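The structure appears below as structure tokens.
Have a look at this one:
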């Protein structure tokens with residue numbers, strides 16, 4: 000039986016891996032910029048490109064750090080009866096962990112979608128209880144379980 004703690008730990012593991020990979024990419028971009036040396040002129044496109052890449056990766060890194068901080072706010076011991084932040088929701092179509100946007104997470108043979116409270120699917124099912132039904136873009140959903 001798949002439990003919420005296992006899903007939560009898989010999300011933490013996934014986000015930590017993403018943070019580590021991004022940090023490595025940032026370090027590599029900085030290393031390349033340093034090895035390239037001083038700008039050749041005011042319009043040195045290659046160096047500017049490296050620095051823009053580093054800035055873009057840094058923004059992505061900050062988003063993942065923010066997401067991890069949001070994950071850490073989830074109380075695994077809290078009894079949840081409605082679809083809300085921190086809930087593991089089983090529908091007739093899919094399994095969702097309402098947390099942060101990590102997409103599909105594979106645990107053993109089970110696919111779970113880690114979604115944030117900002118996605119339209121969440122807005123469709125927010126506040127529903129076991130047995131409630133909803134339609135999302137023509138997809139008929141029934142809430143089977145909430146943990």
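Residue numbers (the working numbering): 0 to 146. Note that CB positions come from ideal geometry on N, CA and C, so glycine has one too. In this text, all values refer to a predicted model and were calculated from it rather than measured experimentally.
DSSP-derived helix/strand/coil call for residue i
i: residue 133; result: strand
i: residue 94; result: strand
i: residue 138; result: strand
i: residue 72; result: coil
i: residue 1; result: coil
Selection from the options that minimises the alpha carbon distance to residue i
i: residue 2; options: 122, 60, 55, 88; result: 88
i: residue 6; options: 70, 29, 53, 56; result: 70
i: residue 30; options: 78, 52, 136, 58; result: 52
i: residue 120; options: 82, 58, 109; result: 82
i: residue 102; options: 114, 109, 92; result: 114
i: residue 129; options: 145, 137, 17; result: 145
i: residue 127; options: 79, 100, 92, 109; result: 79
Same chain only: Cβ atoms within 8 Å of residue i, ignoring 5 sequence neighbours per side
i: residue 132; result: 139, 140, 141, 142
i: residue 134; result: 123, 140
i: residue 32; result: 46, 49, 50, 53
i: residue 34; result: none
i: residue 10; result: 70, 96, 98, 99, 101, 104, 113
According to DSSP, residues forming a beta bridge with residue i
i: residue 110; result: 105
i: residue 89; result: 94, 144
i: residue 81; result: 128
i: residue 115; result: 98
Residues near residue i in its chain [Cβ-Cβ closer than 6 Å; skip 5 each side]
i: residue 84; result: 97, 116
i: residue 109; result: 1
i: residue 73; result: 85
i: residue 125; result: 82
Nearest-angstrom beta carbon gap, residue j and residue i [assumed within contact, 8 Å]
i: residue 56; j: residue 24; result: 5 Å
i: residue 14; j: residue 67; result: 5 Å
i: residue 63; j: residue 21; result: 7 Å
i: residue 4; j: residue 75; result: 5 Å
Same chain, Cβ closer than 7 Å to residue i, neighbours up to 5 away in sequence not counted
i: residue 90; result: 140, 141, 142, 143
i: residue 137; result: none
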